[in-house]
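Chemist:
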Amino acid sequence: MSADGVLVVVSGPSGVGKTTLCKNIVARLPDTMFSVSYTTRKPRPGEREGVEYCFVDEARFQDLIREEAFVEWAEVYGHKYGTPKQALVEALHKGINVLLEIDAQGAQQIMERVAGAVYVFVAPPSLDALRNRLCRRDMDSREEIERRLHEASDEIANFKSYHYFVRNDELLQATKELESIILAEQVKTNRLDPEWLVENGLVEPVMMKKSVT
Ligand code: ADP
Ligand code: 5GP
Numbered sequence: 001m002s003a004d005g006v007l008v009v010v011s012g013p014s015g016v017g018k019t020t021l022c023k024n025i026v027a028r029l030p031d032t033m034f035s036v037s038y039t040t041r042k043p044r045p046g047e048r049e050g051v052e053y054c055f056v057d058e059a060r061f062q063d064l065i066r067e068e069a070f071v072e073w074a075e076v077y078g079h080k081y082g083t084p085k086q087a088l089v090e091a092l093h094k095g096i097n098v099l100l101e102i103d104a105q106g107a108q109q110i111m112e113r114v115a116g117a118v119y120v121f122v123a124p125p126s127l128d129a130l131r132n133r134l135c136r137r138d139m140d141s142r143e144e145i146e147r148r149l150h151e152a153s154d155e156i157a158n159f160k161s162y163h164y165f166v167r168n169d170e171l172l173q174a175t176k177e178l179e180s181i182i183l184a185e186q187v188k189t190n191r192l193d194p195e196w197l198v199e200n201g202l203v204e205p206v207m208m209k210k211s212v213t
């Protein structure tokens, strides 16, 4: 129906399962992709350039800010992260849904700058469960984990800034909830191109004009 893709901002505490959920969604929904962010953080073992992130140094990141290449960027846990603008706009115009897995500061910037995005907050069932996930992921030091847990409560308290709240307790259930949100957003009437109705003979052009005016 030639509508733009849905821009889905998925935010929530580090370790809550955002990457896991988004990977599930990309595997389940056609025409849905991840946006690959730029970061000044060093790659973790197994992370690949251009897949999980584009890894750049501070000078290159500053160049990209000056070139206005980011739709949003923020400093998170001591490193800079930014969402590239061009790939995002191109994908949405092709009708591809784009998942942005970004922190709360980034979500706030998108709210201020981009119309029509859908905001999903992913929450853990408890802070203990979140600690377990961060430990099991085994990617961060003990101090780093405590720092991320400390910030989690503040982020959760701000849940009302989002359209949807998904509790990632049982992974399949949370995946289904996120999938349902995207499917429902895709069929909202305000996303429908009225021309499609005419082109497919569902309404006469003259009727279309009446309903528009
Ligand atoms: P985030 O992207 O939010 O930082 P990840 O997707 O990397 O989080 O998940 C952190 C850890 O939690 C991973 O080891 C992942 O396998 C695990 N995890 C994700 N969702 C669940 C869940 N529903 N139940 C248990 N463990 C989970
Ligand atoms: P990690 O280092 O664990 O991959 O990510 C740390 C945090 O940075 C997570 O909360 C993640 O959502 C956030 N993040 C990743 N990419 C971006 C981005 O492009 N912009 C912003 N604002 N946050 C991001």
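In this note's numbering, the protein residues as written are 1 to 213. Ideal Cβ positions, reconstructed from N, Cα and C, are used throughout, including at glycine.
Exposed or buried, Gly201, counting other C-beta atoms within 10 Å across all chains shown (16 or more means buried)?
Modeler: Gly201 comes out exposed.
Chemist: Determine, using beta carbons only, whether Val71 and Leu88 come nearer to each other than 7 angstroms.
Modeler: yes
Chemist: Once you ignore the five residues that flank Arg41 on each side, which residues in its own chain have a CB closer than 6 angstroms to its CB?
Modeler: His79
Chemist: Quick check: the region 84–102 against the region 31–48, are there 3 or more CB pairs under 8 angstroms?
Modeler: yes
Chemist: Are there three or more Cβ pairs, one per stretch, closer than 8 angstroms when the region 43–50 is compared with the region 106–114?
Modeler: no
Chemist: Ignoring anything shorter than 4 residues, give me the alpha helix (DSSP H) runs that lie fully in the region 116–195, in order along the chain.
Modeler: 127–137, 142–157, 171–186
Chemist: Thinking C-alpha only, which one of Arg142, Leu127, Ser180, Leu172 is nearest Ala157?
Modeler: Leu127
Chemist: For Pro30, which of Lys94, Cys135, Ala174 has the nearest alpha-carbon?
Modeler: Lys94
Chemist: Who are the near neighbours of Ala123 in its chain, counting only those whose CB is closer than 8 angstroms to its CB and skipping five residues on each side?
Modeler: Gly12, Pro13, Val16, Ile156, Phe159, Phe165, Val166, Arg167, Asn168
Chemist: Give me the Cβ distance between Val26 and Thr32, rounded to the nearest whole Å; I'm assuming they're in contact under 8 angstroms.
Modeler: 6 angstroms
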